[in-house]
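Contents: one structure, followed by commentary.
Numbering (the working numbering), first residue to last: 0 to 228.
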């Protein structure tokens, strides 16, 4: 099972713990689960390339004609543009980002909407201001080392790594440029396993077990994947 490299509180301790890890283990109760960590950029087509039987944290692609089965959304991220309060950056809309150095995760330009994609696609003149990190701990550390930068990141991941770094002046501004949450699914090689996963995930939502996991890992979201279950 392919899963991202460590990005607490979602994946931690070499995929032994974390919110995403626990959700998957519980939703695949009865299956033997072995996690293989991969850079985020490799997760989307890990099943298609036969690197894994299941890949966690992918964008469901209804145009995908390969023999891959996408689950219901299993995890949500609350992505913000984050700047240091001391920098006093003027960010009111997406277009304002082109004035600053932007720090993101791998392939973020493909996952944050058409306007962001157009602004920072490889052909864009503003791509030179766009920097991707495979390790989000490194992304957050870089953010705190330099001024006049904007981190595009899930606020819970940002808070986790910032707390560990203990910056002397840790006040930030969260700029709401993206949807309140961005949902991610799992891709399966086996349709029956996907259906079993969906059924158990729905049961976790209805029993309150999913909500308890969010509380355990101190993950705050405007809405969760349980909203439609």
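Note that beta-carbon positions come from the ideal geometry of N, C-alpha and C, so glycine has one too.
- The beta carbon of residue 187 is closer than 6 Å to those of 53, 68 and 193 in its chain, skipping five residues each way along the sequence.
- Taking C-beta atoms as the reference points, residue 55 and residue 1 count as a pair closer than 9 Å.
- In the three-state reduction of the DSSP assignment, residue 4 falls in the coil class.
- When secondary structure is reduced to three states using DSSP, residue 185 falls in the strand class.
- For a cut-off of 8 Å, the C-beta gap from residue 218 to residue 182 is around 14 Å, too long to register as a contact.
- About 4 Å separates the beta carbons of residue 153 and residue 76, which is inside the 8 Å limit, making them a contact pair.
- The three-state secondary structure of residue 153, taken from DSSP, is strand.
- In chain order, 139, 140 and 143 place their CB closer than 8 Å to the CB of residue 164, counting only its own chain and leaving out the 5 sequence neighbours on each side.
- In terms of Cβ geometry, residue 20 and residue 14 form a close pair [threshold 9 Å].
- Restricting attention to alpha helix (DSSP H) runs no shorter than 4 residues, the segment 89-160 encloses them at 113-119 and 135-144, ordered along the chain.
- Counting only the Cα atoms, residue 117 lies some 30 Å from residue 8.
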